[in-house]
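Student:
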Amino acid sequence: MVKDGNREKLLRNWVFDYISPLDMMESGGLGEDYKLTGSVGLDGRAQQYSGIRQNVMRETVNLRLKKDDFRAQAYVRTTSEESGLMQPQHRFRVTAGWPMFQIGLGDLSPKYSQMILYGNRVRGAEMKFRAGNFAIKSIYGELRRGIDGMGYTVTGSNTDPFGIDYNTYNYDPGTYKRWLAAVRMGIGNPNGTQWGFTVMKVRDDTTSVANERPSELEQRLLDSLDVDVNYISTPKDNLVIGSDLRMQFDRKRVQVTAEAALSLYNANISERALGDLENVQDIIWVNQYFEPLPSEGLSGNSSDSDIKIGEVASSVIKNALSWQGKVRLRYFGHDVRTGYKFLNRSYVSLGNPSLANDDAGFYLYDRFRVWDNRLYLNAGYRNFHNNVQGNSETTLNRSEIIFGFNVYTGTTMPDVNFSFRQQLNENDGSLTEVITDTTAYNLGDPDGSEIFDDRSSSNTGSYGVGLSHRLMYMNTMNNLSLNYMVANRKDEYQDFGDSQTNLIGFNASTDYSHYAPLSSRLSFSQTSQASMNDLTELTYTILMVRVSYYMFNRTFVPYINPKITKGSGDYSLVFDDTVPTDLAGTPRLQKIDFNRFDLVGGFEWRFMQNHTVMGRASVSSYSENGEIEYFDGHTDPIDSDLIDRGDYSFMFSYMYKF
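Each number in this note's numbering corresponds to the 1-based position in the sequence shown with 975 added.
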């Protein structure tokens, strides 16, 4: 300990743990060289919400094996939610290897490149190899499995005034099996400078499903209803090639990342490839659905002579080549992050579908710590826009300014948090008058033209203030927090786009260990919202209390957790409160007035060191006085089915760790 003014500072704290070989064997070790740890779990849930009943069982097994530099892990989770009519719900994963070589099987989450393949679940096999400054990894598997589309007819009896049965045709669209293969090679020190190259191929297997069509009777019914049914999404093809450079200097205080990628994407490979490009359709499928095509495009009637490979290649580079760069600097108490990205309008990566294409811009953020790490200042700016190639008539610009600070005073005074955010979304649209009837327009008839307004501009400002304090009072330890947030949205061209939201919240956690093995938590929040030009005004209030009692040396903890929710206000169903004569009998407003009470209780029991059992039950009751108000002034009560829903939930789980 050293003195710093009136304060004492702990310079360094060292902790050493020693585990004898005998203790290791008793705690799950296999001899002196092996160590096996893991857990086995079982949990079940029965619930009903809004009349929908669901029973779910899940089982999990997690094993870890360690011997010298060798590591292995196996994870399995099975669930009763598994169904052949949906994507896999079971999960399994096995990984094993040494620092130089590893393999993985099952449900994997590869992170090869943020622009190409990043965190998407792949069910397959992966290999990783590293030798010095050379590294390579590859993966092959399914992004999704094939599911047949299903069509079926529902028949109702005597449901119309004439007592005639009716038929309706329903369908569940299927999905093609989508396989993925990717390879990433890296050269260099991962803790210094490393260059990487990534290739990813994704394609839907058109033979993986039976694309069912309706029967002749069902088709006639569909034709009579003028329904255009898509039984299955179109099969897709995607090839992405990219390279990245990552550099780190001065103990990672300087980090630089640059990445570029080229995407070739086809939204429908059910049509044949065109021209000489049929010879390379195993690599990339080019037809009239290929993206990006030359500016003049290709039609379904295009002949082989229409294919001009040079124009296609030029269009790909112009419209699909994308890049991004990031820099992080940590010096003199600053943590500065800046970056720029350019995602072209035709850039698509099925390995990271969360990327939004046709988007470009930059950001700059800084977090600055001073006052012995007790004060943090935050500031930042970002500006992005779409229409990166200028092909659309309008461009939407999105900018944001943020500022805030965090003050950590210790135990003497409350900690303070403040944040401010200003967002502006604005396009360069215009107000246009289009003449629809020249004669009427020349005579001054307002019906002779139409006004089209594609302008948009909204400005959202929000700020939040928070106080938190740890307080010892009457031999009880209390953690208190108070938060207040305001958000205002102003729309320049549409009055009903304005909105205002206010939120206030209070939390208090108290430990009564001096008097009894008891703790409590109180939470209160109220949210108010006004929108639709003040036609909608809603308020939601939530009060929650949780009391826990610790028994048997804190190994058995029962708790009770009641919660009250109240909603009130008006929810407008239209943008205008004037009364149209032809809609006098239609709803215009929903009056919200309900109370909900949730009674929740449960327990956690830890016994024999490695076993844990948890249980939880909740039941809900409603009191509803809401109404539907019509344009002519009369009201109807809310449907009773929305009131007496009988919601409940029961959960039980068991976990064994070794």
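Here a beta-carbon is modelled for each residue, glycine too, at the ideal position from N, C-alpha and C.
Computed from a predicted model, the values in this text were never measured in an experiment.
(1) So, at 6 Å on beta carbons, what are the nonlocal neighbours of D1203 in its own chain, with the 5 sequence-adjacent residues on each side left out?
(2) Hey, out of R1066, N1434, Q1469 and A1335, whose CA is closest to W1298's CA?
(3) Okay, do the region 1230 to 1241 and the region 1310 to 1324 touch, 3+ Cβ pairs below 8 Å being the bar?
(4) Under DSSP, the beta strand (DSSP E) around V1382 begins and ends at which residues?
(5) Whole angstroms is fine: what's the gap from S1267's alpha carbon to D1257's?
(6) In whole angstroms, what separates the C-alpha of D1403 from that of T1369?
(7) According to DSSP, is E1253 helix, strand or coil?
(8) Do the region 1385 to 1398 and the region 1430 to 1439 touch if we need at least three Cβ pairs shorter than 8 Å?
(9) Which residues share a DSSP beta bridge with K1112?
(10) Starting from V1287, follow the beta strand (DSSP E) in both directions and report where the run begins and ends.
(11) Pop quiz: M1626 and R1591 are said to be a contact at Cβ under 8 Å. What is the actual Cβ separation, rounded to whole angstroms?
(12) Please name the residue, chosen from G1577, T1511 and N1570, that lies closest to Y1525 on a Cα-to-Cα basis.
(13) Are at least three pairs of beta-carbons, each pair with one atom in the region 1028 to 1048 and one in the region 1064 to 1077, less than 8 Å apart?
(14) Where does the unbroken beta strand (DSSP E) through L1040 begin, and where does it stop?
(15) Using 8 Å as the threshold, is the C-beta distance between N1454 and S1484 below it?
(16) Just to confirm the assignment, what range does the beta strand (DSSP E) spanning M1075 have?
(17) In three-state terms, what does DSSP make of T1386?
(18) Please state if the CB of R1521 and the CB of N1536 are separated by a distance shorter than 8 Å.
(19) Under 6 Å Cβ to Cβ from A1156, same chain only, skipping five residues before and after it: list those, please.
(20) Just how far apart, CA to CA, sit D979 and Y1383?
(21) Which residue's Cα is closest to the Cα of T1502: T1516, A1354 and T1511?
(22) Which residues bound the beta strand (DSSP E) around H1065?
(23) Looking at the unbroken beta strand (DSSP E) that takes in E1408, where does it start and where does it end?
(24) Identify the continuous beta strand (DSSP E) that holds M1449 and give its terminal residues.
(25) Which value, in whole angstroms, describes the spacing of the CA atoms of N1361 and G1163?
(26) Go ahead and pull the three-state DSSP assignment for V1594.
(27) Are the Cβ atoms of R1571 and S1543 separated by less than 8 Å?
(28) So, under 8 Å CB-CB, L1406 and D1428 are touching, yes? Tell me the CB distance rounded to an integer number of Å.
(29) Assuming D1219 contacts S1088 (C-beta within less than 8 Å), just tell me the rounded distance between them.
(30) Given that a residue counts as buried once 16 or more other Cβ atoms are within 10 Å of its Cβ, and exposed if not, what is W1073?
(31) So for F1427, helix, strand or coil by DSSP?
(32) Is DSSP giving G1124 helix, strand or coil here?
(33) For the beta strand (DSSP E) holding S1084, just list the boundary residues, first then last.
(34) Under a three-way DSSP split, which group does T1485 fall into?
(35) Which partner residues does E1401 have in the DSSP bridge list?
(36) Does the beta-carbon of E1425 have 16 or more other beta-carbons within 10 angstroms, so that it is buried, or is it exposed?
Tutor: Judging by the given coordinates:
(1) At D1203, the pLDDT of 49 sits below 50, so the modelled position is not reliable; the number obtained from the coordinates is stated separately. Closer than 6 Å at Cβ, skipping near neighbours: no residue.
(2) A1335
(3) yes
(4) L1371 to V1382
(5) This sequence places Pro at residue 1267; Ser is not what is there. Taking the straight line from one Cα to the other gives about 18 Å.
(6) 6 Å
(7) helix
(8) yes
(9) K1103 and R1159
(10) V1287 -> not in any beta strand (DSSP E); alpha helix (DSSP H) instead, spanning I1284 to A1295.
(11) 4 Å
(12) G1577
(13) yes
(14) I1027 to K1042
(15) yes
(16) That residue, M1075, is in no beta strand (DSSP E); it is neither H nor E in DSSP.
(17) coil
(18) yes
(19) Y1115 and K1176
(20) Here the model assigns D979 a pLDDT of 48, short of 50, so the residue's position is not dependable, and the following value carries that caveat. Distance between the alpha carbons of D979 and Y1383: 18 Å.
(21) T1516
(22) Run containing H1065: none; DSSP gives neither H nor E here.
(23) L1406 to I1410
(24) Neither: M1449 is in no beta strand (DSSP E) and is coded neither H nor E.
(25) 36 Å
(26) strand
(27) no
(28) 5 Å
(29) 6 Å
(30) exposed
(31) strand
(32) coil
(33) Run containing S1084: none; DSSP gives neither H nor E here.
(34) strand
(35) N1372 and S1432
(36) exposed
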